[in-house]
Every structure is written in C-alpha cells, then in structure tokens.
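Visitor: Just dropping this structure here.
2 protein chains.
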Amino acid sequence: MLLPAHFFKCLADETRLRCLLLLQRRGELCVCELTQALQMSQPKISRHLALLRTCRLLQDRRQGAWVYYQLHPDLPDWALAVLNTAADGLVGQPMFAGDAGRLTGAAVCPSGWTDDEALGALKPA
Amino acid sequence: MLLPAHFFKCLADETRLRCLLLLQRRGELCVCELTQALQMSQPKISRHLALLRTCRLLQDRRQGAWVYYQLHPDLPDWALAVLNTAADGLVGQPMFAGDAGRLTGAAVCPSGWTDDEALGALKPA
DNA sequence: TTAATATATGGACATCCATATATCTAAATG
DNA sequence: CATTTAGATATATGGATGTCCATATATTAA
Numbered sequence: 000m001l002l003p004a005h006f007f008k009c010l011a012d013e014t015r016l017r018c019l020l021l022l023q024r025r026g027e028l029c030v031c032e033l034t035q036a037l038q039m040s041q042p043k044i045s046r047h048l049a050l051l052r053t054c055r056l057l058q059d060r061r062q063g064a065w066v067y068y069q070l071h072p073d074l075p076d077w078a079l080a081v082l083n084t085a086a087d088g089l090v091g092q093p094m095f096a097g098d099a100g101r102l103t104g105a106a107v108c109p110s111g112w113t114d115d116e117a118l119g120a121l122k123p124a
Numbered sequence: 000m001l002l003p004a005h006f007f008k009c010l011a012d013e014t015r016l017r018c019l020l021l022l023q024r025r026g027e028l029c030v031c032e033l034t035q036a037l038q039m040s041q042p043k044i045s046r047h048l049a050l051l052r053t054c055r056l057l058q059d060r061r062q063g064a065w066v067y068y069q070l071h072p073d074l075p076d077w078a079l080a081v082l083n084t085a086a087d088g089l090v091g092q093p094m095f096a097g098d099a100g101r102l103t104g105a106a107v108c109p110s111g112w113t114d115d116e117a118l119g120a121l122k123p124a
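One line per chain: the protein sequences are F and L, in this order.
With the first letter of the first sequence counted as 1, position 105 gets the number 104 in numbering that gives the first Met the number 0; the numbers rise by one all the way through.
With the first letter of the second sequence counted as 1, position 36 gets the number 35 in numbering that gives the first Met the number 0; the numbers rise by one all the way through.
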C-alpha cells in the first residue's frame with residue numbers, strides 16, 4: 000500500500016519529479032531518453048528510476064538493450080490525480096518545458112516499436 | 000520563488016501533510032487544535048508548522064495567546080491545485096478522516112471570532 | 001506578583017538521502 | 001572471443017531530517 004507521505008517524498012527531488020512528469024506526458028521512455036532530456040549522468044538517472052521502481056511508482060520493461068519505464072499501472076487514483084494536476088500546473092515552467100523540448104528534438108529510440116524494429120534500430124545517441 | 004521539489008518535500012512528512020490538508024479544508028486553525036486533531040505532542044506539531052512557515056507554505060497570525068495558521072496567500076496556483084487534488088483524493092482515507100473528526104468533535108478555540116470574543120473566550124482544552 | 005497555559009526553541013541523537021566514483025552484468029556486434 | 005554500449009549496483013561521504021526532552025518566551029488569569 001502506498002502511503003501518501005511516501006509518495007510525496009518520491010516527488011521531493013527535482014530529478015525524480017522531472018522524470019515522473021515526463022513519463023506522465025509521454026507514457027513510456029527508456030533510460031537513455033531520460034538521460035538526454037534531463038542532461039544528467041546515466042548513473043544518477045538510473046539510481047532515481049530504481050528508487051521509483053522500488054517504491055512502485057514506476058514499472059520497467061526490458062526490450063533488448065533498453066529498459067523502458069512508465070507510470071506503474073497499479074498507482075492509486077489519488078496519486079494519478081496529483082501527478083496530473085502537477086503536470087498541468089508545471090508544464091509552463093522552463094525547467095519542465097525544456098525537458099520535453101530536448102526529448103522531441105532528438106531522434107532516439109522511440110518507444111512503441113515492434114521487437115524487430117527495436118532490435119534492428121540504431122543505438123540511442 | 001517556490002521550487003516544485005521543495006514544495007513536495009514539505010508534503011513528504013505525514014505530520015505536515017495532515018496539517019496542510021486540514022488547513023486546506025478548514026482555512027485557519029491554531030496550534031492547540033492541530034495538536035488535538037493529530038494527537039501528537041505540541042513541540043512536534045510546532046516544529047513542523049515552523050518549517051512550513053519558513054518555507055512560505057503557511058502564514059501565521061497571533062491573536063492573544065494563540066497562534067493561528069493558514070495556507071499562505073501567496074502560494075502559486077499550481078501548489079494550490081496540488082493541495083486541492085490531494086485533499087480531494089485523500090479525504091476518504093481513515094488517517095485524514097480521523098483528523099477532521101477529532102477536530103469537529105472538540106469545542107475548542109474556533110477561528111473566525113472577533114477580537115473581543117477571542118479575548119473573552121474559554122481556553123482551549 | 002504568581003501561576004497556568006500556548007507556543008517556540010536549543011541540543012542530542014539516530015536515521016535517511018543525494019551524490020560521486022567505481023565496478024559489475026547483459027546484450028549487441030564484429 | 002573481444003569490444004562496446006546500456007544499464008544497474010556497491011560503497012563512501014557529507015549533509016539534511018525527524019523526534020525527543022527540557023527549557024524558554026509570551027500571554028492571560030488569579
């Protein structure tokens with residue numbers, strides 16, 4: 000069971016918050032996309048994603064060399080509602096808008112490919 | 000300026016979250032009311048309220064021996080929206096419902112009095 | 001003035017947390 | 001097999017955080 004205070008503690012870090020809001024908007028992203036969007040080191044991103052996975056805020060899915068993360072499907076309604084409200088209210092702020100921009104601007108491993116497409120695709124930058 | 004991650008860190012503690020959601024619903028409460036509603040020690044409540052005041056999430060107002068707290072009027076829209084959404088989604092949970100119950104059940108220093116009424120009123124339990 | 005009540009704060013303590021560095025696994029490729 | 005790349009993890013460290021106890025301050029009552 001997800002305790003509200005525990006949930007908010009997961010949002011209480013800029014790196015995690017940016018990852019979550021990005022995933023809330025885009026649905027599913029791999030670690031390298033998040034690394035590029037947030038312009039942070041891969042170990043740092045990975046560590047925060049692991050924390051969010053352990054806390055059951057995110058779910059991961061491996062596809063070849065890449066690991067894709069998305070909001071956990073079992074998140075309670077109140078948590079989804081808070082994430083939605085936060086994303087709506089913060090999407091205008093430069094910090095978060097910049098993330099989405101760096102994401103769309105880069106032609107890297109988009110999710111939604113078939114297995115064959117993913118296996119044959121170029122590696123992300 | 001209120002940083003989103005900083006704001007969520009303020010919500011990342013059960014005591015503070017319960018205080019904030021109660022104040023979000025009730026508008027203004029004094030320390031003794033919160034102490035009674037949450038069934039926690041006065042120093043503990045006072046410390047967390049001081050933190051929320053320092054972080055500009057709460058505003059305090061002294062009236063005689065009592066200090067009343069309320070959501071800070073300068074809170075940005077996105078922060079108010081998140082608090083609203085959280086309160087809507089969590090009001091059903093026993094943890095938070097119990098707080099409101101203990102508050103309504105006690106006939107203690109209600110806010111909204113005039114100065115004269117407050118000065119002449121009985122002390123809170 | 002003395003007592004009582006409401007609130008705040010200082011100090012001590014244990015715990016948690018974010019970060020950096022380095023290492024490790026697994027997969028893809030040649 | 002060797003190499004490269006994506007990603008995870010182990011460890012150490014500095015710093016923040018929550019809680020408790022005791023005490024301090026402020027206001028009101030007697």
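Where a beta carbon is used, it is the ideal one built from N, C-alpha and C, also for glycine.
(1) When burial is assigned at 16 or more other CB atoms within 10 Å of the CB, is Gln41 (chain L) buried or exposed?
(2) According to DSSP, is Arg60 (chain F) helix, strand or coil?
(3) Give, in chain order, every unbroken run of the alpha helix (DSSP H) that is at least 4 residues long and sits entirely within the region 6–46 of chain L.
(4) Please report how far the alpha carbon of Gly97 (chain L) lies from the alpha carbon of Met39 (chain F), in whole angstroms.
(5) Measuring CB to CB, does Ala78 (chain F) end up less than 8 Å from Asp12 (chain L)?
(6) Who are the Cβ neighbours of Leu89 (chain L) in its own chain at under 6 Å, not counting the five residues just before and after it?
(7) Buried or exposed: which applies to Arg15 (chain F), given that a residue is buried once 16 or more other Cβ atoms fall within 10 Å of its Cβ?
(8) Which residues of chain F have a Cβ atom closer than 8 Å to the Cβ of Pro72 (chain L), listed in chain order?
(9) Spell out whether any CB of chain F is found under 8 Å from the CB atom of Pro3 (chain L).
(10) From the DSSP output, in three-state form, read off Leu51 (chain F) for me.
(11) Hey, would you say Tyr68 (chain L) sits closer than 8 Å to Asp59 (chain L), going by beta carbons?
(12) Buried or exposed for Ala85 (chain F), going by 16 or more other Cβ atoms inside 10 Å?
(13) Taking the alpha-carbon of Glu27 (chain L) as reference, which of L:Gln92, L:Val81, L:His71 has the nearest alpha-carbon?
(14) Report buried or exposed for Arg17 (chain F), applying the criterion of at least 16 other Cβ atoms within 10 angstroms of its Cβ.
(15) Verify the CB distance criterion: does Leu118 (chain F) have a CB-CB separation below 8 Å to chain L?
(16) For Cys29 (chain F) and Val66 (chain F), which I take to be in contact (beta-carbon distance under 8 Å), what is that distance rounded to the nearest angstrom?
(17) Tell me the DSSP bridge mates of Gln69 (chain F)?
(18) Looking at Thr34 (chain F): is its Cβ nearer than 8 Å to the Cβ of Ile44 (chain F)?
(19) Establish whether the CB of Lys8 (chain F) and some CB of chain L are separated by less than 8 Å.
Guide: Reading off the structure:
(1) exposed
(2) strand
(3) 13–25, 30–37
(4) 43 Å
(5) no
(6) Phe95
(7) buried
(8) Within chain F, no residue comes near Pro72 (chain L); the closest Cβ sits about 18 Å away, beyond 8 Å.
(9) yes
(10) helix
(11) yes
(12) buried
(13) L:His71
(14) Counting Cβ neighbours within 10 Å, Arg17 (chain F) comes out buried, since at least 16 surround it.
(15) Bear in mind that the predicted position of Leu118 (chain F) carries a pLDDT of just 33, short of 50, making it too unreliable to give a figure here.
(16) About 6 Å separates the beta carbon of Cys29 (chain F) from that of Val66 (chain F), a gap short enough to meet the 8 Å contact definition.
(17) Its beta-bridge partners are F:Gln58.
(18) yes
(19) yes
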